[in-house]
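Participant: Line by line, the protein sequences are chains L and H. Every position in the first sequence, counted from 1, becomes a number in my numbering once 413 is added. Every position in the second sequence, counted from 1, becomes a number in my numbering once 413 is added. Even glycine gets a Cβ: it sits at the ideal position worked out from N, Cα and C. Before anything else, here's the structure in question.
2 protein chains.
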Amino acid sequence: MKPSAKPVVAIDIGGTKYIVAVISADHQILSRVYRHTLSREGPEKVIARLMSTIDEVIDKSGIKPSQLGGIAVAYAGLVDIDKGIVTEAPNLPHWNNVPLRDMLVDRFKMPAFVINDASAAALGEHRLGAGKELNNLIFITVSTGIGGGIIINGELYNGTDGCAGEIGHTVVQLDGPECSCGRRGCWESLASGTAIARMAKEGLRSGEKSILLDMTYGVIDDVRAETVAAGARKGDALCKRVINQAACYLGIGLGNLVNIFNPQMIIIGGGVSAMGEMILRPARRSMKEHAFKLPASTVRVVRVGLGTDSGLLGAAIYAQLMAGGKR
Amino acid sequence: MKPSAKPVVAIDIGGTKYIVAVISADHQILSRVYRHTLSREGPEKVIARLMSTIDEVIDKSGIKPSQLGGIAVAYAGLVDIDKGIVTEAPNLPHWNNVPLRDMLVDRFKMPAFVINDASAAALGEHRLGAGKELNNLIFITVSTGIGGGIIINGELYNGTDGCAGEIGHTVVQLDGPECSCGRRGCWESLASGTAIARMAKEGLRSGEKSILLDMTYGVIDDVRAETVAAGARKGDALCKRVINQAACYLGIGLGNLVNIFNPQMIIIGGGVSAMGEMILRPARRSMKEHAFKLPASTVRVVRVGLGTDSGLLGAAIYAQLMAGGKR
């Protein structure tokens with residue numbers, strides 16, 4: 414393995430915002446810009462904006478385009494990694510078979526790579542974050558949805574096409590709530606930030622009293638996972654019940670992962686993980702109830718080490734590995 | 414990797430029967446004996462019988478004990494692979510922390526290894542069976558329970574302790590039927606042979622008419638998965654409904670595996686797979702409904718290539734790899 418010694422452009426595209434950065438060979442962020450994805454506008458407009466953001470960020474970095482080793486995109490959807498195509502994206506409408514890699518190569522005349530965002534984050538956490546020097550770990554991001562990345566024998570596992578790790582879309586409750594993917598009862602539909610907001614709204618609509626009504630000036634639709642977390646910290650009964658319920662669901666999925674992978678560590682990122690021990694402690698308890706003793710006692714369930722930068726840094730590492738000739 | 418060039422003793426221990434064989438360096442079965450496990454008698458008596466069966470099989474093989482490279486056990490339970498201990502076994506009562514490897518080493522004075530049976534079968538199918546030359550595959554055995562084995566990047570993935578692949582014990586239906594592991598709604602509780610028998614018995618007890626009553630002389634408790642399969646082949650409505658329901662559940666779990674692993678192949682062994690296309694065709698259909706398009710179109714779901722010998726041959730390969738110094 415001889416990683417590229419050049420800086421790269423790393424991009425992390427989610428349903429709400431995207432980040433573009435130039436990252437040095439030793440993983441320092443030289444320049445960085447956040448933008449709203451405005452994903453409802455569809456891929457064409459998003460990509461057009463992305464292209465000019467890339468120009469802007471390269472310019473800001475002081476690095477000449479000719480000195481860059483490549484561009485890597487961590488994308489919140491299913492990626493055909495060999496072809497560099499986004500095949501579908503439950504949380505970004507209309508991204509069906511978008512040849513993102515070739516569009517970047519055409520525009521910037523340098524190597525480009527597209528990888529699932531949670532897989533990129535797993536790589537970032539493994540090389541620079543909470544999972545350094547471990548052999549087997551699972552990364553999950555819990556926010557709007559639930560994504561996953563898998564490190565096996567010290568290497569990122571992408572699966573046959575590049576779609577491995579869609580852990581959020583495993584059925585945990587047959588005929589459960591509708592999921593962003595169109596199916597029912599996926600883990601994501603029970604334990605994501607979206608699920609937390611939905612459960613709180615259901616409680617409010619069924620007439621439960623809660624501080625949430627004050628916090629949103631009575632507009633139930635404005636309740637978000639963060640609002641529920643804030644309410645729980647203030648001691649609100651509805652909010653606490655919802656967080657505990659989500660933690661229980663989170664733990665069931667963690668238990669499934671423990672039984673499947675017997676990993677050394679599960680690293681949790683995303684907005685919901687930012688709630689910290691309030692949700693992680695009951696989730697660990699639920700995990701232990703749903704997994705076999707030995708693997709449950711082995712695994713450490715921890716918060717992300719690189720904050721919100723795991724995906725971005727992981728994308729940079731991926732670009733450097735790939736540009737250096739290592740798949 | 415330099416596998417041992419010596420023949421080995423390979424053992425496959427399940428809840429119903431165990432098999433002991435001497436297997437040559439080029440994977441020919443030189444001698445073989447089947448015995449009832451009689452698992453209700455507990456580990457001590459089972460192991461005592463196993464020891465004398467090993468003597469018998471070595472004797473039959475014509476190989477001198479001094480020429481053997483070691484002994485490998487494929488065991489239907491959770492194994493701490495480094496310590497050679499069976500930690501727990503949902504389908505074999507009282508096997509809690511049994512130091513099987515050391516007992517074999519003490520008795521036979523040669524290297525011994527203990528590995529999960531479905532992991533062994535995955536290795537067998539990968540090296541000699543349906544999955545030859547593939548990089549990423551999942552093996553599942555569907556019979557009394559559901560076990561799993563994982564091949565990643567051409568190597569068996571055992572997890573941190575040796576417990577990886579307990580795919581049968583992932584929650585698919587929250588608060589679903591009771592499972593052998595003591596929890597509820599595991600995949601095994603919905604799609605195993607035991608689940609098929611249970612669903613048929615429930616139908617009979619609720620008064621559904623069925624050929625099953627004739628086939629079991631009215632003793633509902635005698636209904637087994639094979640009886641249901643035979644009834645379905647004769648066109649019995651209850652049996653056909655139960656097989657289709659189990660196929661649907663089977664497909665949901667397969668869909669989960671496809672979304673997690675994006676594998677090239679899923680190989681299905683065990684008694685239920687012997688029902689063939691009657692259950693596999695509707696299971697594949699259900700799998701496609703529950704998985705993302707790209708990985709669902711990539712994966713091939715096939716029957717086991719080595720029949721009931723996958724675990725035994727996999728154990729032999731494992732012993733040869735380990736005795737040859739390769740973990």
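Ignore the nearest five residues each way along the sequence and tell me which others in Gln-586 (chain H)'s own chain have a CB closer than 7 Å to its CB.
Facilitator: For the purposes of this step, residue 586 (chain H) is taken as residue 173 along the second sequence, with counting starting at 1. Only Gly-598, Leu-603 meet the Cβ criterion.
Participant: Return the first residue and the last residue of the alpha helix (DSSP H) that Thr-640 (chain H) is part of.
Facilitator: Within the second sequence, the letter at position 227 stands for residue 640 (chain H). Counting along the chain, the alpha helix (DSSP H) containing Thr-640 (chain H) begins and ends at 638-646.
Participant: Where does Leu-451 (chain L) land, buried or exposed, given buried means 16+ other C-beta within 10 angstroms?
Facilitator: Within the first sequence, the letter at position 38 stands for residue 451 (chain L). It counts as exposed.
Participant: Please state the DSSP three-state secondary structure of Glu-546 (chain L).
Facilitator: Position 133 of the first sequence holds residue 546 (chain L). Correct three-state label for Glu-546 (chain L): coil.
Participant: Let me make sure I understand the geometry here. Which of H:Gln-480, H:Glu-454, H:His-703 has the alpha-carbon closest to that of Ala-438 (chain H)?
Facilitator: Stepping through the second sequence from its first residue, residue 438 (chain H) is reached at position 25. The shortest C-alpha separation from Ala-438 (chain H) is found at H:Gln-480.
Participant: Ordered along the chain, which non-local residues of its own chain (more than five positions away) have a Cβ less than 6 Å from that of Ile-727 (chain H)?
Facilitator: For the purposes of this step, residue 727 (chain H) is identified with residue 314 of the second sequence, where counting begins at 1. At residue 727 (chain H) the sequence reads Gly, which differs from the Ile that was named. For Gly-727 (chain H), where only same-chain residues beyond five positions count, the Cβ hits under 6 Å are Ala-533, Ala-534, Leu-536, Gly-537.
Participant: Which residue or residues does DSSP assign as beta-bridge partners of Ala-608 (chain L)?
Facilitator: For the purposes of this step, residue 608 (chain L) is taken as residue 195 along the first sequence, with counting starting at 1. BP columns for Ala-608 (chain L) are empty, so no partner.
Participant: According to the Cβ coordinates, are Ala-487 (chain L) and Ile-424 (chain L) closer than 8 Å?
Facilitator: Walking along the first sequence from the start, residue 487 (chain L) turns up at place 74. Walking along the first sequence from the start, residue 424 (chain L) turns up at place 11. Against a cut-off of 8 Å, the Cβ pair of Ile-424 (chain L) and Ala-487 (chain L) comes out as a contact.
Participant: Please classify Tyr-570 (chain L) as buried or exposed, where buried requires at least 16 neighbouring CB atoms within 10 angstroms.
Facilitator: Numbered from its first residue, the first sequence carries residue 570 (chain L) at position 157. With 16 or more other Cβ atoms within 10 Å, it is buried.
Participant: So, for Ala-729 (chain H): in the same chain, excluding its five sequence neighbours on each side, which residues have a beta-carbon less than 7 Å away from its beta-carbon?
Facilitator: Your numbering for residue 729 (chain H) matches position 316 in the second sequence. For Ala-729 (chain H), where only same-chain residues beyond five positions count, the Cβ hits under 7 Å are Val-421, Ala-423, Ile-436, His-440, Ala-485.
Participant: Could you tell me which residues DSSP pairs with Glu-591 (chain H) in its beta bridges?
Facilitator: If you number the second sequence from 1, residue 591 (chain H) lands on position 178. In the DSSP output, where bridge partners are listed per residue, Glu-591 (chain H) has H:Arg-597.
Participant: In this structure, how does DSSP classify Met-735 (chain L) when only helix, strand and coil are distinguished?
Facilitator: The residue given as residue 735 (chain L) occupies position 322 in the first sequence. Three-state DSSP puts Met-735 (chain L) in a helix.
Participant: In whole angstroms, give me the CA-to-CA distance for His-539 (chain H) and Met-678 (chain L).
Facilitator: Here the question's residue 539 (chain H) lines up with position 126 in the second sequence. Here the question's residue 678 (chain L) lines up with position 265 in the first sequence. So the alpha carbons of these two residues sit roughly 27 Å apart.
Participant: Going by the CB atoms, is the gap between Gly-718 (chain H) and Gly-542 (chain H) shorter than 8 Å?
Facilitator: Start at 1 with the first residue of the second sequence, and residue 542 (chain H) comes out as number 129. Start at 1 with the first residue of the second sequence, and residue 718 (chain H) comes out as number 305. Closer than 8 Å, so yes.
Participant: Taking the CB atoms as reference points, tell me whether Ala-531 (chain L) and Leu-725 (chain L) lie closer together than 8 Å.
Facilitator: To locate residue 531 (chain L), count along the first sequence from 1; it is residue 118. To locate residue 725 (chain L), count along the first sequence from 1; it is residue 312. No, Cβ-Cβ distance for Ala-531 (chain L) and Leu-725 (chain L) is not below 8 Å.
Participant: Could you confirm whether any beta carbon from chain H is found closer than 8 Å to the beta carbon of Arg-740 (chain L)?
Facilitator: Position 327 of the first sequence, counted from the first residue, corresponds to residue 740 (chain L). Residue placement at Arg-740 (chain L) cannot be trusted, given a pLDDT of 43 that sits under 50; the coordinates are not used to answer.
Participant: For the 8 Å Cβ check, are there 3 or more pairs between the region 600-614 of chain L and the region 700-716 of chain L?
Facilitator: No, because fewer than three Cβ pairs between the region 600-614 of chain L and the region 700-716 of chain L fall closer than 8 Å, the two stretches do not touch.
Participant: Where do the ends of the alpha helix (DSSP H) carrying Gly-537 (chain H) lie?
Facilitator: Along the second sequence, one-based indexing puts residue 537 (chain H) at 124. 530-541 is the extent of the alpha helix (DSSP H) around Gly-537 (chain H).
Participant: Answer yes or no: does any C-beta atom of chain H fall closer than 8 Å to that of Tyr-583 (chain L)?
Facilitator: Counting from 1 along the first sequence, the entry for residue 583 (chain L) is found at position 170. The sequence as given places Thr at residue 583 (chain L); Tyr does not occur at that position. Taking Cβ atoms only, chain H reaches closer than 8 Å to Thr-583 (chain L), which makes this a yes.
Participant: Alpha carbons only, please: which of L:Glu-469, L:Val-446, L:Thr-429 is nearest the one belonging to Arg-453 (chain L)?
Facilitator: The sequence position of residue 453 (chain L) within the first sequence is 40, counting from 1. Ranking the options by Cα distance to Arg-453 (chain L), first place goes to L:Thr-429.
Participant: Return the chain-ordered list of same chain residues with a C-beta closer than 6 Å to the C-beta of Arg-514 (chain L), the five sequence neighbours on each side being excluded.
Facilitator: Position 101 of the first sequence holds residue 514 (chain L). Within the same chain, Arg-514 (chain L) has close Cβ partners Gly-497, Ala-525, Val-527.
Participant: Between the Cα of Val-671 (chain L) and the Cα atoms of L:Gly-648, L:Val-714, L:Arg-654, L:Leu-517, which residue gives the shortest distance?
Facilitator: Your numbering for residue 671 (chain L) matches position 258 in the first sequence. Closest by alpha carbon: L:Val-714.
Participant: Taking C-alpha atoms, which residue in L:Thr-557, L:Asn-529, L:Gly-475, L:Ile-564 lies nearest to Lys-545 (chain L)?
Facilitator: The residue labelled residue 545 (chain L) in the question sits at position 132 within the first sequence. Answer by Cα proximity: L:Ile-564.
Participant: Give me, in chain order, the residues of the same chain whose beta-carbon lies closer than 8 Å to that of Val-470 (chain H); leave out the 5 immediate sequence neighbours on both sides.
Facilitator: Translated into positions along the second sequence, residue 470 (chain H) becomes position 57. Once the five neighbours on either side are set aside, the close Cβ partners of Val-470 (chain H) are Val-422, Val-433, Ala-434, Val-435, Ser-444, Arg-445, Val-446.
Participant: Quick one: Cα of Lys-625 (chain H) to Cα of Ile-665 (chain L), how far?
Facilitator: Along the second sequence, one-based indexing puts residue 625 (chain H) at 212. Along the first sequence, one-based indexing puts residue 665 (chain L) at 252. Strictly speaking, residue 625 (chain H) in this sequence is Leu, with Lys absent from that position. For Leu-625 (chain H) and Ile-665 (chain L), the distance between alpha carbons rounds to 37 Å.
Participant: Could you spell out where the beta strand (DSSP E) holding Val-511 (chain H) opens and where it closes?
Facilitator: To locate residue 511 (chain H), count along the second sequence from 1; it is residue 98. Looking at the DSSP string, Val-511 (chain H) is not in any beta strand (DSSP E), and its letter there is neither H nor E.
Participant: Taking a Cβ distance cut-off of 7 Å, strictly less, list which residues of the region 694-714 of chain H are near chain L, in chain order.
Facilitator: Of all residues in the region 694-714 of chain H, His-703, Phe-705, Lys-706, Leu-707, Pro-708, Thr-711 have a Cβ within less than 7 Å of some Cβ in chain L.
Participant: How many angstroms separate the CA atom of Asp-635 (chain H) from the CA atom of Ala-642 (chain H)?
Facilitator: As a working note, residue 635 (chain H) is residue 222 in the second sequence. As a working note, residue 642 (chain H) is residue 229 in the second sequence. About 14 Å.
Participant: Along chain A, which residues have their Cβ under 8 Å away from the Cβ of Phe-521 (chain L)?
Facilitator: Annotation note: the requested chain A is absent from the structure, which comprises protein chains L and H.
Participant: Which residues in the same chain as Gly-720 (chain L) place their Cβ atom closer than 6 Å to its Cβ, once the five residues preceding and following it in sequence are excluded?
Facilitator: Walking along the first sequence from the start, residue 720 (chain L) turns up at place 307. Once the five neighbours on either side are set aside, Gly-720 (chain L) has no close Cβ partner at all.
Participant: Could you tell me whether the Cβ atoms of Val-511 (chain L) and Cys-576 (chain L) are closer together than 8 Å?
Facilitator: The residue you call residue 511 (chain L) lines up with position 98 of the first sequence. The residue you call residue 576 (chain L) lines up with position 163 of the first sequence. No, these two residues do not count as a Cβ contact at 8 Å.
Participant: Using alpha carbons as the reference points, say which of H:Gly-475, H:Pro-478, H:Gly-562, H:Ile-460 lies closest to Ile-680 (chain H).
Facilitator: For the purposes of this step, residue 680 (chain H) is taken as the residue at position 267 of the second sequence. The shortest C-alpha separation from Ile-680 (chain H) is found at H:Gly-562.
Participant: Give a yes or no on whether the C-beta atoms belonging to Asn-549 (chain H) and Phe-674 (chain H) are separated by under 8 Å.
Facilitator: Along the second sequence, read from residue 1 onward, the residue named residue 549 (chain H) stands at position 136. Along the second sequence, read from residue 1 onward, the residue named residue 674 (chain H) stands at position 261. The answer is yes: Cβ separation under 8 Å.
Participant: Can you give me the C-alpha to C-alpha distance between Pro-501 (chain L) and Pro-590 (chain L), rounded to a whole angstrom?
Facilitator: In the first sequence, the residue the question calls residue 501 (chain L) occupies position 88. In the first sequence, the residue the question calls residue 590 (chain L) occupies position 177. One detail in the question is off: residue 501 (chain L) reads as Glu in this sequence, not Pro. Between Glu-501 (chain L) and Pro-590 (chain L), the C-alpha separation is close to 21 Å.
Participant: Grouping DSSP H, G and I as helix and E and B as strand, with all else coil, what is Glu-469 (chain H)?
Facilitator: Against the second sequence, residue 469 (chain H) aligns to sequence position 56. Note: Glu-469 (chain H) maps to helix in three-state DSSP.
Participant: If contacts are defined as beta-carbon pairs under 8 Å, then Cys-652 (chain H) and Ala-645 (chain H) qualify, I think. What distance do you get, rounded to the angstrom?
Facilitator: Residue 652 (chain H) sits at position 239 when you count from the first residue of the second sequence. Residue 645 (chain H) sits at position 232 when you count from the first residue of the second sequence. Between Ala-645 (chain H) and Cys-652 (chain H) the Cβ distance is about 4 Å, and since that is below 8 Å, they are a contact.
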